[in-house]
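Protein chains in written order, with this note's numbering: chain V, 15 to 344; chain F, 15 to 344; chain U, 15 to 344; chain Y, 15 to 344; chain B, 15 to 344. Cβ atoms here follow ideal geometry from the backbone N, Cα and C, with glycine treated the same way. Structure first, then comments.
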Amino acid sequence: MIVDKAIYCGGVRETISGDISDAFNDARSRGDCFLWIGLHEPSQDEFDLITSEVRLHPLAVEDAIHAHQRPKLERYDDTLFVVLKPLQYVEESSDIEVGEINLFLGRDFVISVRHGEADPLGGVRRRVESDPDLLAAGPAGVLYAICDQVVDTYSQTSHEVEHDLIVLERRVFSGEHGDVTEDIYSLKREVLEFRTAQDPLIPVLEEIVKGRVELCAHIREQFRDVLDHLLRVDTRVDEHNELLTSALNAHLALVSKEQSQAAIQQNADMRKISSWAALIAVPTMIAGIYGMNFDHMPELHWTLGYPLSLTVMAVAVVIVYRLLRRSGWL
Amino acid sequence: MIVDKAIYCGGVRETISGDISDAFNDARSRGDCFLWIGLHEPSQDEFDLITSEVRLHPLAVEDAIHAHQRPKLERYDDTLFVVLKPLQYVEESSDIEVGEINLFLGRDFVISVRHGEADPLGGVRRRVESDPDLLAAGPAGVLYAICDQVVDTYSQTSHEVEHDLIVLERRVFSGEHGDVTEDIYSLKREVLEFRTAQDPLIPVLEEIVKGRVELCAHIREQFRDVLDHLLRVDTRVDEHNELLTSALNAHLALVSKEQSQAAIQQNADMRKISSWAALIAVPTMIAGIYGMNFDHMPELHWTLGYPLSLTVMAVAVVIVYRLLRRSGWL
Amino acid sequence: MIVDKAIYCGGVRETISGDISDAFNDARSRGDCFLWIGLHEPSQDEFDLITSEVRLHPLAVEDAIHAHQRPKLERYDDTLFVVLKPLQYVEESSDIEVGEINLFLGRDFVISVRHGEADPLGGVRRRVESDPDLLAAGPAGVLYAICDQVVDTYSQTSHEVEHDLIVLERRVFSGEHGDVTEDIYSLKREVLEFRTAQDPLIPVLEEIVKGRVELCAHIREQFRDVLDHLLRVDTRVDEHNELLTSALNAHLALVSKEQSQAAIQQNADMRKISSWAALIAVPTMIAGIYGMNFDHMPELHWTLGYPLSLTVMAVAVVIVYRLLRRSGWL
Amino acid sequence: MIVDKAIYCGGVRETISGDISDAFNDARSRGDCFLWIGLHEPSQDEFDLITSEVRLHPLAVEDAIHAHQRPKLERYDDTLFVVLKPLQYVEESSDIEVGEINLFLGRDFVISVRHGEADPLGGVRRRVESDPDLLAAGPAGVLYAICDQVVDTYSQTSHEVEHDLIVLERRVFSGEHGDVTEDIYSLKREVLEFRTAQDPLIPVLEEIVKGRVELCAHIREQFRDVLDHLLRVDTRVDEHNELLTSALNAHLALVSKEQSQAAIQQNADMRKISSWAALIAVPTMIAGIYGMNFDHMPELHWTLGYPLSLTVMAVAVVIVYRLLRRSGWL
Amino acid sequence: MIVDKAIYCGGVRETISGDISDAFNDARSRGDCFLWIGLHEPSQDEFDLITSEVRLHPLAVEDAIHAHQRPKLERYDDTLFVVLKPLQYVEESSDIEVGEINLFLGRDFVISVRHGEADPLGGVRRRVESDPDLLAAGPAGVLYAICDQVVDTYSQTSHEVEHDLIVLERRVFSGEHGDVTEDIYSLKREVLEFRTAQDPLIPVLEEIVKGRVELCAHIREQFRDVLDHLLRVDTRVDEHNELLTSALNAHLALVSKEQSQAAIQQNADMRKISSWAALIAVPTMIAGIYGMNFDHMPELHWTLGYPLSLTVMAVAVVIVYRLLRRSGWL
């Protein structure tokens, strides 16, 4: 689907009223002009319309239609094929959604192909149109603006990841670790996906910054700025990855500690319980003895037999209590 | 065993009726033709037949017969020797089977040697024969089609691995972790074997993409496409490897957690049990005392002795119950 | 905010009384002079004043205003843009605070932009002013002095980290491990932040030491000295990172050990308790039997029945005691 | 000790009857000949005899006498010094024994110095002598044959390690893990030693394969074959190392699991035991009450007192049993 | 403090009787001579004396006075500044002491500055003086001899570390693991310090071996020998580091195993104890019932009541015993 199309001449946007083919010819004849055609998940047919005007390499076109590429920059004769993977952080599920933007750039045209629902390119077009410097830079300016926007999504996402990580850390160390293991693992998975989207963009931008991409050489300092942001994100992503591993280990150590303390507590409780049981068992045993029905048990006939037996019980309890106290069980 | 042999001239397949030797001469004299001979686990004798026509380096031939090579590309004067390792995922056992394809390529011939039961080359031949562009590209086109097919088996296998990993993750976090440790380990072993098959192919394709392999230089953009797919697989394999390590750690943390909770539960249960035991032990002891047979136990002769003793028991139980309640044991 | 401004000619500081614009012209006309303007979190307006005199690249100016850059060195035509990240160790919270210094350097000027509260540059200016050699080296001398100062903050911070690590180690191995897990994790986070601030400075200094930065080439041996300090810090930071991982593992091993010993102790205690319980239960059972009220219990009528029963109890206790002793339970 | 010495001319072995010095002169004068002197742990004196004929660098000679070198290739003017470390797997102890072979190669001589008891060179000499192609390749042919043999010992050893690893895995996952931890650690140590012996040989062979070693350039394709085998071993060694780490972690997870299950089992058992104890304690308490000797206990005189009391006991048991059942303790 | 000073001409040591200044002039005028001045923790003043004769870079001098450098090689015009870190293993504390040697080398002088108590240079001077070849090599010979000596201290220390590691392994696997965790950690710290001292020396020696250091180019083969030793140590240090990590993990696994076995043992013991308790509780309950004082308990009046009750008790015990046996509790 063609989302937007326009011709930019001398810093002014002109709508393309008629045929795309005419627009191309128009742009070429006037010079200092370029076309920007924005597509969203186009079909082969839609592509064929455009390809009849500009020579795009069939393999690149196939990539652009099927998506699922990794970030890359490919040079075909006089056109450039660039793949970018913008990210979007989904608040509700703490998920990272990976989009895809495919770009064809020539001296006088930009064809942007977007996949996925998120629309990071609308804002870019508005920014480009309102910035004469960018318009003057031509297709390279558009590429710069898009790269800047994509790296911005990385930056935002990495801040969200940082935030999630801090929440996880708090949960790990507050002891309220419900499903903290699963959440750490999930975030690690997200971070790895993040890295997969972002890492291959570094050499792409380095290539441009070093001036090896002719089409963009005149504004490579702008790209250096984007690369700088990207490198900062990159460092942070690696840091997050390393911290998540440490957080899992820390969680394990805390759980082990908890378990160790439970074991120690349990032993202390068991000693206390057993001690009290012993204290009750001793007089019960004595009472049992004097409950026996032998004919000849002299103590039973003593006048003081009963109070004496009670005294014996009490003394036994005191002695056992002292012994337990001394050995630290009570 | 010769599986298939044909001569391709101007995009048309011609069956070789007679001698291979004649076919070679035929191909050379007509130009723009090439032979494709497909072998399956050939013997030395079968090879000798062919080698009498084209000069293949004896070491390469030995490699091709004995198999068990790592993916590589070797240049011998005017021939190329390429080893590829296709994968096959076996659904029942979740195993990855590693095959081997050895290729000899010259200006006007392709000799493909397949080892193992799987037959990924049949489909490739049909594809090549039905695609005039590939046929026009000559032996390089065949190499491209085979590489594409092999990387495709990687891509499929890595999707299967991803699927297995997701199942494992679900088992780890659902708590239903029967033999999850063994399954994580097994999958890790599979992933390492995967990497061994796939990793050395990267420099081979890079070599071709950079145009350093003369025979394939004219369609190196096609190879770039294959390399791209391979790099994507490569990233995913590394990711899987890292995630499996994390999954094992997460499993360990969960088991420790489970154990910790079991220990805490056990302590709570033990306290409850002991409390109830104490509640029963106290009246039992009192009953024991009044069961003693002393002649002079005044309480026994009181009219209210019995109800009083029961009251004492009840009061004792209530007091002990309250004490236990207050200290949180009941 | 302009913190300080001065013109340095032939090793002497002259205060700028009038307009900055005049000062620039003055410096240029006299030769062998340079201006040093120190800013603290300047606004765009304050910058515009200066930028009207010297051509600074707008992207660099934007970076300098918004801060949050990574250490880097960028060349723009005839000016140099350098970002440095000084550190400050906060004693109370054991936190590392990361500051930021942005520097613009030209043949005849230095513009330093400081962010954050800490003021590492005041001391540097005093050092430069009192050292004729540094003044003679011009802007490069200032850059050297600032780099030296920044790397010095790294060196001090890494000593503090070393100290914190040693305290942690002592806590881990003394068994008094209260929140040691959390503290190890926190320190790891600090160390990673440290590395983020310090690591990208290495290639910056290497660039200068190799003489690739024209402006600083004449004193690159001084920079080599700074690089040397930085590399030493770098090694130490990596070492700390590795040791913290080991410390967490060691802590885990010790906690497991503790737990293992608790379990063994508990088993020993349980055996002892149960043994004593058995010793009491046996005579209680015997007493119960002779407390039965059957009419025909011959033993009850024996003259020696009672002492005999007591003897039986005692013998039973001794036998059980011996058995328990022999099996190691008592 | 001189183990064997011979002169090879035009593919034929000739025994050296007389002086080594004469043999050298003989070889040089006839051309297309080379001497191969095999030494076993030679003394300085034995070396001096030979060194008087060919110029060997004193440091290399020292290395060759004292052994304990790492695999390397050194060029001295017109001679080559190569150190190789063959391995031998000792079946009984599952140990890997590391040997050492030092080689001096010139245009017309090979001096091989063997250390350790194992004799991998005897077989090599027989192979060289029976292979005219190798003999024709001169000293380089000998070097090739020895390298091939050494890498073969690596290949065999790595198969043995693989086998040991599989046995370990089976023990880990079968639960029969007696001293499995120690055995995993020992195998890891072996694997690291293996890597130390094998790893430095890779750059040596790469050097030769790239044709940078003049003496061997004419058969570098043969060496590529050896390098290929070595790289395959190398991958496998890394894989083993990684798998051993995983196996230890898996073992730890399984032990924790076992422990966790023991804790859960123990809790279940404890609940069951306590429940049965409670079931017995309740009627015992009731019996105790009716065993009291109060004069006025009306129930005792009821005709149905006894069966009633038994009924009360039974009912109490049933109620308690039901309660325990409902709460899942029985 | 000047420890030793001498002038070496044509392989002969001559003591410097008079002024150092004269000695320098003497050496220069005679040619083929060089001075070697040995300093121990010199003050700035002592250095000034020497610096008046030879031009040493002030930064290098500062480094040499303050020590705490990392191993490095710096070229200043016509002098070389080298820092080395010899190690010393302290038997009693199993500690590694790190020393420091700073060297200034010129065409005709060596100035060695030693820090710390250990004196590795005395032996070196004696070795150099007794070896005409080394003396003939001039200052480069001295540098070689010192490097050789320093790497020798590494080699010895790594043997001591190996020994400590083996002792630790034995303690880990013998089960006698008292403070084994702490000792593993300490050794890891030592190994990391070792690596810090030794690692940066590798590029220094590589520089020399590649012939990029003019002063030492004529004996670079000797340095290759030192580098070889160093690389061997380096491999071993990495191996030790890796093994220590594995040893800690193995220790953890063993402790967990121990704990797991304690838990299983405890459960077995608990079952046994409870079983015996049940065996005693049953007859006690029966005895309690027949101890009740109901008027109408027919069994009490049976002639065989008593023996019957005993039989019931015995039968109950046997039945319970059998049940417990069958369920594996006894």
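Going by DSSP, Y/A231 is part of no alpha helix (DSSP H) at all; its letter is neither H nor E. Contact check for F/V240 against F/V165 passes: the beta carbons are separated by less than 9 Å. Residues are counted here when their Cβ sits less than 9 Å from a Cβ of chain Y; for the stretch 245-267 of chain F these are N255, L258, T259, L262, N263, H265 and L266, given in chain order.
Contacts with chain B (Cβ-Cβ distance below 7 Å) from the stretch 300-319 of chain U involve G302, I303, G305, M306, N307, F308, D309, H310 and M311, listed in chain order. Annotated three-state conformation of B/E55 is coil, per DSSP.
For V/H177, the enclosing alpha helix (DSSP H) has its first and last residue at P153 to S188. U/V175 sits buried, since 16 or more C-beta atoms from the chains shown fall within 10 Å of its C-beta.
U/T29 is classed as exposed because its beta carbon has fewer than 16 other beta carbons within 10 Å across all chains shown.
The Cβ of F/I110 sits no closer than 9 Å to any Cβ of chain V. Nearest neighbour of Y/V247 by Cα position, chosen from F/V227, F/E272, F/Q83 and F/D40, turns out to be F/Q83. Using a Cβ-Cβ cut-off of 9 Å, F/V142 does not count as an interface residue toward chain V, since no Cβ of chain V sits closer than that to its own. Collapsing the DSSP output to three states places B/E88 in a strand. In the three-state reduction of the DSSP assignment, B/Q212 falls in the helix class, which pools H, G and I. Under the Cβ distance rule, B/K224 does not count among the residues neighbouring chain U, no pair being separated by less than 9 Å.
A straight line joining the alpha-carbon of Y/V186 with that of Y/D213 spans about 29 Å. V/F187 has a beta carbon lying within less than 9 Å of a beta carbon in chain U. By the Cβ criterion, the stretch 304-324 of chain Y is in contact with the stretch 306-324 of chain F, since at least three pairs of Cβ atoms, one from each stretch, lie closer than 8 Å. In this structure V/G52 touches V/D18 by the C-beta definition: roughly 4 Å separates them, less than 8 Å. Nearest in C-alpha terms to F/L229, of all of F/Y335, F/A277 and F/D92, is F/D92.
Taking 9 Å as the cut-off, the beta carbon of U/L266 is found closer than this to the beta carbon of V/A267. Here the alpha carbons of U/A231 and U/R42 stand approximately 21 Å from one another. Here F/Q83 carries a coil assignment [DSSP, helix/strand/coil].
Rounded to whole angstroms, the gap between the alpha carbons of F/M311 and V/G319 is 9 Å.
Of all alpha-carbon atoms in U/R139, U/A264 and U/K99, the one lying nearest the alpha-carbon of U/I198 is that of U/A264.
Within 8 Å of the CB of U/M284, the CB atoms of chain B belong to Q280, D283, M284 and I287, in sequence order along the chain.
Listed along chain F, no residue sits closer than 9 Å to V/H129 by beta-carbon distance, the nearest being about 15 Å off. Any Cβ of chain F closer than 9 Å to the Cβ of V/R69 would place that residue at the interface, and such an atom is absent. In the structure shown, F/N307 adopts coil according to DSSP, grouped into three states. Taking C-beta atoms as the reference points, F/I21 and F/E67 fail to come closer than 9 Å. In the DSSP annotation of this structure, the continuous segment of the beta strand (DSSP E) that includes B/D18 starts and ends at I16 to C23.
Taking 7 Å as the cut-off between beta carbons, none of the residues of the stretch 146-174 of chain B comes near chain Y. When the Cα atoms are used, V/E313 and U/H315 turn out to be separated by approximately 16 Å. Residue F/L70 holds the alpha-carbon nearest to the alpha-carbon of F/G120 among F/L70, F/S169, F/L262 and F/S341. Checking the DSSP bridge columns, you'll see Y/D109 partnered with Y/V104.
Among the bridge pairs identified by DSSP, B/T93 is matched with B/Y90.
The C-beta separation of F/V112 from F/L101 comes to about 6 Å, placing the pair in contact by the 8 Å criterion.
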